[in-house]
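Colleague: Right, I'll just put the structure down here and ask away after.
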Amino acid sequence: MDTSVDKRRPTAPHRLEDRLHALARAHQVPGAQLAVHSGGTTRSKHTGVLDSITGEPFTAGTAVPIGSLTKCYTATVVMLLVADGDVELDDQLGDHVPELRRAGPPCTVRQVLSHTAGLASGPDSDHVAALTTARYLQAHCTDGKLVMEPGTDFSYSNAGYVAAGRLIETVTGMSWQDAVRSILLDPLGTVPSFIGAPGAPMRQAARGHSANKASGRTRPVRQNLAPAEAAAGALMASAPDLVALALAHTQDGPGGLLPPELAEEMRRPVPGADPGVLADGWGLGFALFQQGDATWFGHDGNAQGTSCYLRADPHTGTVVAFTSNSNSGADMWHELSAELEEFTGIRVPGTPARPRPAATPMASTAQCTGIYLNGDIEYQVTMSDSGTLALSVDGDVPAPLVCHEDLTCDLVDPSSGRRIPGGRFVRDPRTGTVDRIQLSGRMARKSALV
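At position 157 of the sequence shown the residue is numbered 259 (the numbering used here), and the sequence of numbers has no breaks.
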């Protein structure tokens with residue numbers, strides 16, 4: 103399917119700008135920016151303020167904490183080191199990260215970049231705020247904390263990207279921030295800006311916000327990313343900056359930055375890895391989304407009170423990027439992306455794009471009950487006397503859970519009864535028993551029955 107702009111359909115920049123304003127107001131988003139690249143041209147629109155307290159306006163260059171979209175930059179730097187011959191994708195991680203040579207997981211660089219290394223997601227940022235990267239890795243990236251055997255499936259891991267950032271440091275002899283700036287941001291023309299970096303910000307930066315739709319109030323929030331987690335989520339960028347990154351991976355990108363064969367390698371689906379509700383597949387640093395016969399690449403990024411998105415079609419060179427400084431920006435993006443075709447002729451794939459088959463609730467769900475662990479996160483699945491399931495995370499109030507015959511599961515909104523795709527249960531291939539659960543892309547291993 104051709105996803106480029108339909109030349110028979112006139113674009114409507116003013117209508118799109120008006121719609122951006124209207125959606126920001128409707129979703130209590132103080133400020134947002136949309137950038138669209140097609141036909142060799144990037145156009146961007148922005149709305150609102152970067153800080154609801156000061157009222158300072160959101161501008162074309164406003165940088166927003168992009169959360170996990172940082173991982174796309176970290177993975178790209180690793181691939182540039184691969185291009186230079188400094189790293190091989192199938193090298194053992196411990197070959198480049200000294201802290202992991204003795205007790206680290208038996209995984210490769212490729213597996214770390216694709217979230218197939220078996221590593222846990224990682225601890226809460228507040229719990230590791232005082233740790234150096236070395237201490238973080240020694241405590242949270244060990245063989246004993248694996249949630250699955252490396253290379254067997256997908257489990258989204260911030261800890262893995264902490265390790266990838268440390269790899270960059272040991273290979274280049276620079277800090278992760280300096281390496282990303284000199285190897286990638288400067289060639290892309292992106293002014294660097296990092297959460298928690300010492301000194302004054304190098305560019306205008308937005309503040310994250312929390313929107314409460316029940317009360318109608320929106321308040322600023324503080325970024326709490328630990329310094330050790332920088333490679334997993336410390337970058338701040340604008341929507342045009344995200345477009346520039348994506349273009350470096352497509353035929354429209356700057357020549358000579360990333361060899362085309364390595365860009366293609368990053369977009370190649372990892373065999374056997376199922377990211378569940380996150381995407382249709384996963385490559386090296388990028389999520390993959392199906393749109394007809396085309397496979398788009400991109401990522402979502404959420405920091406404290408921000409929501410950002412990137413989608414790109416490598417064959418047409420079409421790129422769509424969105425940044426917002428509110429947690430409610432996620433709802434704004436989903437509505438905006440669904441309407442984008444009306445204004446630009448570009449159809450953006452959903453998250454995930456693949457339709458879920460009609461599922462039949464399981465007759466017997468007792469096999470799914472238990473306590474499942476992903477690092478420090480505890481998921482408890484219980485069954486009532488009537489046979490209904492419920493899920494509790496770290497002791498929170500249980501939420502209704504529906505499990506289907508194909509082992510996918512839905513969370514049930516208690517107020518509306520609406521089912522929300524949550525994830526899937528996984529059987530041990532040797533015994534056939536349910537021994538894992540994947541929620542929001544994160545795998546947890548059963549440790550006890552309940």
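Heads up, the beta-carbon is just placed ideally off N, CA and C, and yes, glycines get one too.
Bear in mind the structure is a predicted one, so any value in this text is a computation, not a measurement.
Please list, in chain order, all residues of the same chain as arginine 409 whose beta carbon is under 6 Å from its beta carbon, the five residues on each side excluded.
Modeller: A small fix is needed here, since residue 409 is serine in this sequence, not arginine. Same-chain partners within the cutoff: Ser426, Gly431 and Ala432.
Colleague: Rounded to the nearest angstrom, how far is the Cβ of glycine 543 from that of glycine 224, given a contact under 8 Å?
Modeller: Incorrect: roughly 13 Å between the Cβ atoms, too far for contact.
Colleague: Considering only their Cβ atoms, is the gap separating leucine 412 from leucine 171 smaller than 8 Å?
Modeller: In contact: leucine 171 and leucine 412 (Cβ atoms closer than 8 Å).
Colleague: Classify tyrosine 258 as helix, strand or coil using the three-state DSSP reduction.
Modeller: Of the three classes helix, strand and coil, the one that applies to tyrosine 258 here is coil, per DSSP.
Colleague: By the DSSP assignment, the alpha helix (DSSP H) with valine 282 in it spans what residues?
Modeller: Its alpha helix (DSSP H) spans residues 278-282.
Colleague: If you compare alpha carbons, which of Ile270, Pro200 and Ala265 is closest to glutamine 213?
Modeller: That would be Ala265, whose Cα lies nearest to the Cα of glutamine 213.
Colleague: Do you know offhand how far threonine 210's Cα is from aspartate 288's?
Modeller: Cα-Cα distance, rounded: 28 Å.
Colleague: Between the alpha carbons of serine 488 and proline 502, how many angstroms are there, rounded?
Modeller: Going from the Cα of serine 488 to the Cα of proline 502 covers about 13 Å.
Colleague: Note down, in chain order, each residue of its chain lying with its Cβ closer than 7 Å to the Cβ of methionine 92, except the 5 sequence neighbours on either side.
Modeller: The question about residue 92 has no answer here: the residues shown for the chain are numbered 103 through 552.
Colleague: Valine 131 lies in the beta strand (DSSP E); which residues open and close that run?
Modeller: Looking at the DSSP string, valine 131 is not in any beta strand (DSSP E), and its letter there is neither H nor E.
Colleague: So, with DSSP's three-state summary, where would you put leucine 438?
Modeller: Residue state, collapsed to three classes: helix.
Colleague: Excluding five sequence neighbours on each side, which residues of the same chain lie with their C-beta closer than 7 Å to the C-beta of alanine 231?
Modeller: Result list for alanine 231: Ala328, in chain order.
Colleague: Please go through the same chain and pick out, in chain order, the residues whose beta-carbon is closer than 8 Å to the beta-carbon of threonine 113, but skip the five residues on each side of it.
Modeller: Since pLDDT at threonine 113 reaches only 46, below the 50 mark, its modelled position is unreliable, and the value read off the structure follows with that caveat. Counting only Cβ-Cβ distances below 8 Å, and skipping sequence neighbours, we find Val107, Phe445, Thr446 and Gly447.
Colleague: Among residues of its own chain, excluding the 5 on either side of alanine 281, which ones have a beta-carbon nearer than 8 Å to its beta-carbon?
Modeller: Excluding residues within five positions, the ones whose Cβ falls inside 8 Å are Val179, Ile270, Glu271 and Thr274.
Colleague: Going by beta-carbon coordinates alone, are glutamate 480 and arginine 121 separated by less than 8 Å?
Modeller: No, these two residues do not count as a Cβ contact at 8 Å.
Colleague: Less than 8 Å separating the beta-carbons of serine 146 and alanine 341?
Modeller: The answer is yes: Cβ separation under 8 Å.
Colleague: Glutamine 469 to leucine 136, Cα distance in whole Å?
Modeller: Cα-Cα distance, rounded: 45 Å.
Colleague: Among Cys174, Arg449 and Ser295, which residue has its Cα nearest to the Cα of aspartate 395?
Modeller: Checking every option, the nearest Cα to that of aspartate 395 belongs to Arg449.
Colleague: For glycine 150 versus asparagine 404, is the C-beta distance shorter than 8 Å?
Modeller: No. Outside cutoff.
Colleague: Could you tell me the alpha carbon to alpha carbon distance between aspartate 183 and valine 189, rounded to whole angstroms?
Modeller: According to the sequence as given, residue 183 is leucine; it is not aspartate. Approximately 6 Å between the Cα atoms of the pair.
Colleague: Does the stretch 243-253 come into contact with the stretch 200-207, if we say contact requires no fewer than three beta-carbon pairs (one atom in each stretch) closer than 8 Å?
Modeller: They touch, by the three-pair rule.
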